[in-house]
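**Q** My questions will all concern the structure given below.
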Amino acid sequence: MNKVLVTGGAGYIGSHTAIELIKKGYEVIIVDNFSNSEPSSLDRIKKITRKDVPFIFGDLKDRNVISKIFESFNDIDTVIHFAAFKAVGESVAEPLKYYNNNILSLINLLYSMKQYNVPNLIFSSSCTVYGQPDELPVTEDTPLKPASSPYGNTKKISEDIITDFINSGNYIKSIILRYFNPVGADISGDNGELPQGIPNNLLPYITQTALGIRECLNVYGNDYDTHDGTAIRDYIHVSDLANAHIDSMRYLSNKSAPFCDIFNIGTGEGYSVLDVINSINKFLDRPLPYKIVNRRPGDVEKIWADNTKAKNTLNWFPKFNLDDMTSSSLNWEKKFRGTL
Ligand code: NAD
Ligand code: UD1
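Residue numbering for the sequence shown follows this note's numbering, beginning at 3 and increasing consecutively.
Next comes the structure, spelled out in structure tokens:
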């Protein structure tokens, strides 16, 4: 069974992926510097899986940190690389912070993987690389648009770095997963998204509004060319997304798998902001308070995935629908705040 290093494993997607890996019997090692997470995340992984996960506190910007991990656990064969900064607005204000963290960490990781002969890498990319596509749904061959933020650019550059590195003859295999909009929480309600401060993303803002922590949700624009005027995204349950990494690992172990491949990870369904509000309202005693405000600068109008390639090649199939996503997010928020 593979031994897997999960970088950024204390974060939102990394912790859910660690849980799915452990449930399926993989040996997991986590490295994180808690720059956007808390040690309590490791307790939640333990509570759900009843397993202690080896944890290394460290910053991937320091190559020695990674080298030491590969020296101590000498049979790691896969790295799932989540560790990165991800706040779009902050990346516009502090681009160097984003290029330094996201790019340097990846370069350090690739150097160390080469040095220690670690053969497999799974990388977290984003649908942000497509910008506002001319045609929908987007396939992996849809032309990429210039990034609308330094954060988005770090994902595009990272994809290029991985591809160039592998094409130069390094015997590492990699899968790049372009996530659509990850939402939702572990089915137990014991692990979920924990944004710091005021949430930027839709689902945590909605669940905090539902619990009265925020007064009202601002819906950014209702004059888009969509069925109800609000913007459309492809929301994907975080546990389905987590399992896409495990299916990718299985695929990489197949000798005929190419050295580098890219997959869209979304459900293939697009939902508007009002669709998401209607979904959460099914689980609330009173309708969610919201008001329509101006569009948010930099937002795309609509995007959803063609996920045929992931289904056919990785044998990955999302199980959860929009109601599962909103209800699991709500359940987690209630449990975390002690109101359940
Ligand atoms: P997150 O912030 O919850 O998790 C990232 C983790 O990485 C955090 O625990 C943070 O402390 C850690 N980290 C950051 N820099 C580090 C460093 N230099 N050294 C060690 N640890 C470091 O984010 P997430 O939502 O779980 O996202 C995981 C990955 O998926 C990121 O690469 C992100 O860009 C990508 N992604 C996320 C989304 C999304 O909507 N959440 C969408 C597309 C892509
Ligand atoms: C954003 C980033 C994307 C990143 C992702 C995860 C941009 C342009 N894109 O995606 O690069 O990968 O976060 O971190 O920032 N909305 C509201 N009110 C809110 C919050 C959101 O109406 O309070 C709307 C947005 O306008 C959007 C939808 O909800 O239409 C989803 O927003 P969000 O969760 O922030 O994700 P994205 O903007 O799609």
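Just so it is clear, CB atoms sit at the ideal spot from N, CA and C, and this is done for glycine as well.
Please tell me whether residue 232 and residue 275 are closer than 8 Å, where the distance is taken between their beta carbons.
**A** Yes, Cβ-Cβ distance for residue 232 and residue 275 is below 8 Å.
**Q** Please go through the segment 57-112 and give each complete alpha helix (DSSP H) segment of 4 or more residues, from N-terminal end onward.
**A** Listed in chain order, they are 65-74, 90-95 and 97-100.
**Q** May I have a chain-ordered list of the alpha helix (DSSP H) segments no shorter than 4 residues that lie completely inside the segment 149-215?
**A** Fully enclosed alpha helix (DSSP H) runs of 4 or longer: 152-169 and 204-212.
**Q** How is residue 247 classed by DSSP in three states: helix, strand or coil?
**A** The answer is helix: DSSP assigns residue 247 an H, G or I state.
**Q** Looking only at C-alpha atoms, which of 75, 50, 65 and 49 sits nearest to residue 32?
**A** When each option's Cα is compared against that of residue 32, the closest is 75.
**Q** Based on Cα-Cα distance, which residue from 13, 140, 25 and 89 lies nearest to residue 203?
**A** Closest option to residue 203, Cα to Cα, is 89.
**Q** Does the beta-carbon distance from residue 211 to residue 290 come in below 8 Å?
**A** Cβ atoms of residue 211 and residue 290: closer than 8 Å.
**Q** If you follow the alpha helix (DSSP H) that residue 14 is part of, which residue opens it and which one closes it?
**A** Residues 14-25.
**Q** Out of curiosity, what's the CA-to-CA distance linking residue 70 and residue 295?
**A** About 50 Å.
**Q** Mind checking which residues open and close the beta strand (DSSP E) that includes residue 7?
**A** Taken as a continuous stretch (DSSP letters only), the beta strand (DSSP E) holding residue 7 covers 5-9.
**Q** How big is the Cα-Cα spacing for residue 68 and residue 217?
**A** Residue 68 and residue 217: Cα-Cα distance of roughly 44 Å.
**Q** When we look at the beta-carbon of residue 180 and count the other beta-carbons within 10 Å, is it buried (16 or more) or exposed?
**A** When all chains shown are included, residue 180 counts as buried.
**Q** Between residue 132 and ligand 1, is the CB less than 7 Å from at least one heavy atom?
**A** No, the beta carbon of residue 132 sits no closer than 7 Å to any heavy atom of ligand 1.
**Q** Quick one: is the Cβ of residue 259 within less than 7 Å of any heavy atom of ligand 1?
**A** Every heavy atom of ligand 1 is 7 Å or more from the Cβ of residue 259, so no.
**Q** Looking at the structure shown, is residue 284 part of a helix, part of a strand, or coil, going by DSSP?
**A** Correct three-state label for residue 284: coil.
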